[in-house]
């Protein structure tokens with residue numbers, strides 16, 4: 228009897244323990260996630276870092292991920308758990324999905340991002356590379372893994388409590404390019420920071436837990452909705468940022484697997500000219516697009532609106548972050564001198580001076596120095612603020628229409644989590660997240676001919692999917708994979724993410740003092756104009772043809788080194804519309820001194836006009852001087868009208884195809 232009672236008690240305890248955690252979702256393809264939450268730092272503990280990591284871990288577990296978790300890890304423990312995670316990803320094979328989420332402190336130094344363990348001691352700036360884990364040391368082995376897709380989320384753009392000897396590191400993290408088949412997301416845009424809120428969970432982690440479970444939404448679209456949700460929840464103080472080179476559209480949750488009645492988010496807005504939208508819709512479109520050109524288009528359309536002050540601050544920070552990223556990629560004294568000339572008091576000025584010392588170059592450029600052209604980063608606009616603001620806690624809150632659906636029930640005022648299990652375990656939620664039922668492997672769609680890539684300066688390339696060419700369709704990056712493609716770029720397909728009519732090409736750019744601009748015809752690497760010898764003098768140029776002496780360059784090819792963007796043209800990061808097909812040039816009319824119509828006719832007929840898809844224009848009478856082939860005998864045998872009667876002494880003859888009495 229006692230043994231039966233003991234067995235029943237053990238079963239009840241086991242059932243209670245099992246009900247305290249969310250049920251494991253149906254397993255699909257191998258899904259592995261690394262979740263780290265660091266809060267117990269020496270200078271001061273973070274209030275929400277551990278809670279955010281526990282929330283994201285439970286959300287990923289509810290959609291079928293195996294979690295490799297760690298809490299309050301020192302640097303050696305972080306390296307160990309990263310190796311364990313990479314081993315599981317390699318074992319998953321080419322169909323695996325790999326996710327990484329880090330919540331804690333991170334910083335940028337000399338163009339690199341570093342993740343800090345709880346044992347970090349930064350007495351000098353030289354200790355950063357020794358005490359921290361460099362983000363690229365995680366990205367490189369993860370990029371080499373055979374997994375189908377990798378997602379890295381860094382929730383660490385916070386105010387740093389560390390004060391190394393010398394100048395403090397730059398605020399926030401630096402922009403970077405994504406490796407192939409990877410998406411990189413930062414909790415706040417490069418060069419900006421996001422203070423923790425008052426609730427038990429951060430706004431960014433809450434948005435991740437909501438959008439990664441959204442049915443029928445691919446990863447690019449999910450992180451666009453994460454940005455909108457976070458921006459609205461923080462009243463504009465925090466704007467997440469992400470770059471992607473996934474190539475395929477990946478849906479973690481299929482459209483028919485909605486759990487607890489959670490509907491999918493509304494599709495993102497269609498790209499339209501900013502002046503055709505009301506200010507609230509234009510602001511929402513700029514936040515969803517999140518490119519430098521979309522923000523410039525907003526202030527160009529509404530320069531005096533209440534939102535313009537925040538957008539100007541975002542333009543200032545984004546332009547400097549991208550200029551520093553390009554300078555760090557080039558990594559030459561000329562590149563760092565260019566950055567310092569554009570931003571002498573910039574947030575990365577100390578890093579630029581250190582790099583110049585490593586390269587054994589002086590801080591000041593030599594006389595006659597000519598600034599480099601940083602790809603995709605035009606010069607500052609007229610009216611752009613010179614001051615830098617790391618946090619946008621000013622201006623009115625964003626419009627309510629930025630997010631058009633309420634959050635799910637389990638994320639509305641969630642209670643604080645329970646105590647964590649073990650010294651290295653993450654906290655468990657008081658209200659478990661319901662597991663998603665009817666999970667299925669992510670649909671593998673055909674890879675496009677041109678890789679879809681969203682770079683730091685905007686999307687870089689696009690190719691049509693499902694036989695549909697994007698025009699007025701919503702962007703692929705911002706919506707479910709069943710819709711049309713998205714990201715703009717240098718391909719031949721027009722960009723719906725930032726349509727040419729939406730983007731205002733940086734008018735009124737003001738070069739800094741001492742900047743020498745070279746003309747495109749004399750810049751190195753630019754094709755030298757050559758005269759057009761194919762047309763005779765005086766002949767008309769067919770519509771759509773290039774003028775003589777113009778260097779022809781396809782939209783998919785990058786601008787040559789040293790090329791200067793002409794005024795009124797969009798930057799290199801903005802996709803250009805497909806050029807119309809060149810019509811076949813028609814033969815030029817002969818000069819006025821041509822022989823009369825009675826002269827000898829040419830032996831060959833003139834070329835026939837090329838058929839076009841448009842309805843043909845009304846036929847026009849040929850020029851008097853143009854030679855014409857006589858009609859066939861059948862046409863002469865059947866005249867259209869009755870021949871006239873000839874008077875006495877004259878006979879009916881056919882002259883030039885017409886009956887004449889002679």
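Numbering (our numbering), first residue to last: 228 to 889.
Backbone N, C-alpha and C define an ideal beta-carbon position, used for all residues, glycine too.
N-terminal and C-terminal residue of the beta strand (DSSP E) that residue 431 is part of: Not the beta strand (DSSP E): residue 431 falls in the alpha helix (DSSP H), residues 430–438.
Neighbourhood of residue 351 by C-beta distance below 8 Å, restricted to the same chain and skipping five residues each side: 391, 392, 393
Beta-carbon proximity of residue 638 to residue 437, cut-off 7 Å: yes
Assigned exposure category for residue 885 - 16 Cβ within 10 Å defines buried: exposed
Reference residue 471; option with closest CA among 377, 417, 442: 377
Sub-7 Å separation of residue 554 and residue 566 beta-carbons: yes
Own chain partners of residue 877 with C-beta closer than 7 Å, once the 5 adjacent residues on each side are dropped: 888, 889
Beta-carbon gap between residue 431 and residue 382 smaller than 7 Å: yes
Selection from 396, 317, 342 that minimises the alpha carbon distance to residue 329: 342
Residues that DSSP places opposite residue 325 in a beta bridge: 259, 377
Identity of the residue in 636, 610, 670 nearest residue 659 by Cα: Considering only alpha carbons, the answer is 636.
Euclidean distance between Cα positions of residue 463 and residue 593: A straight line joining the alpha-carbon of residue 463 with that of residue 593 spans about 42 Å.
Reduced DSSP secondary structure (H/G/I, E/B, other) of residue 598: It is coil, neither helix nor strand.
Extent of the continuous beta strand (DSSP E) run through residue 880: 879–882
Which residues DSSP lists as bridging residue 409, in chain order: 377
Proximity winner among 409, 300, 587, 282, relative to residue 655 (alpha-carbon distances): 282
7 Å Cβ cutoff met for residue 544 and residue 419: yes
Sub-7 Å separation of residue 465 and residue 415 beta-carbons: Yes, the pair counts as a contact, with Cβ atoms nearer than the cut-off.
Three-state class that DSSP yields for residue 665 in the structure shown: coil
Among 651, 875, 262, the one whose alpha carbon lies nearest that of residue 312: 262
Buried or exposed by the 16-neighbour rule on C-beta atoms within 10 Å, applied to residue 792: Reliability of the predicted coordinates at residue 792 is poor, the pLDDT of 43 falling under 50, and the value obtained from them is presented with this limitation in mind. Per the 10 Å Cβ criterion, buried.
For residue 886: DSSP bridge partner residues: 881
Meets three-Cβ-pair contact criterion under 8 Å: the region 358–373 and the region 313–325: Using a C-beta cut-off of 8 Å, the region 358–373 makes contact with the region 313–325, since at least three inter-stretch Cβ pairs fall below that distance.
Nonlocal neighbours in the same chain, by C-beta distance under 6 Å from residue 834, ignoring five residues either side: The pLDDT assigned to residue 834 is 47, lower than 50, so where the model puts this residue is not dependable; a value taken from the coordinates is nonetheless given after this. Here the set comprises nothing.
The ligand PLP heavy atom lying under 6 Å from the CB of residue 399: For the ligand PLP, the structure offers nothing, since it holds no ligand at all.
C-alpha distance - residue 632 paired with residue 610, whole-angstrom precision: 36 Å
Residue 615 versus residue 670: straight-line alpha-carbon distance, rounded: 44 Å
Spatial distance of residue 296 from residue 536 (CA atoms): Taking the straight line joining both Cα atoms gives about 41 Å.
Straight-line gap, residue 755 to residue 556 (C-alpha atoms, nearest Å): The predicted model places residue 755 with a pLDDT of 36, which falls under 50 and marks its position as unreliable, so this point remains unresolved.
Exposure label - residue 586; buried when at least 16 CB within 10 Å: exposed
Closest Cα partner of residue 385 within the set 305, 492, 435, 275: 275
Segment limits, beta strand (DSSP E) that includes residue 295: 293–298
Cβ neighbours of residue 651 in the same chain (closer than 6 Å, five flanking residues each side left out): 297, 298
Reduced DSSP secondary structure (H/G/I, E/B, other) of residue 340: strand
DSSP beta-bridge partners of residue 382: 330
Pick from 517, 524, 459 that is closest to residue 447, judged by C-alpha positions: 517
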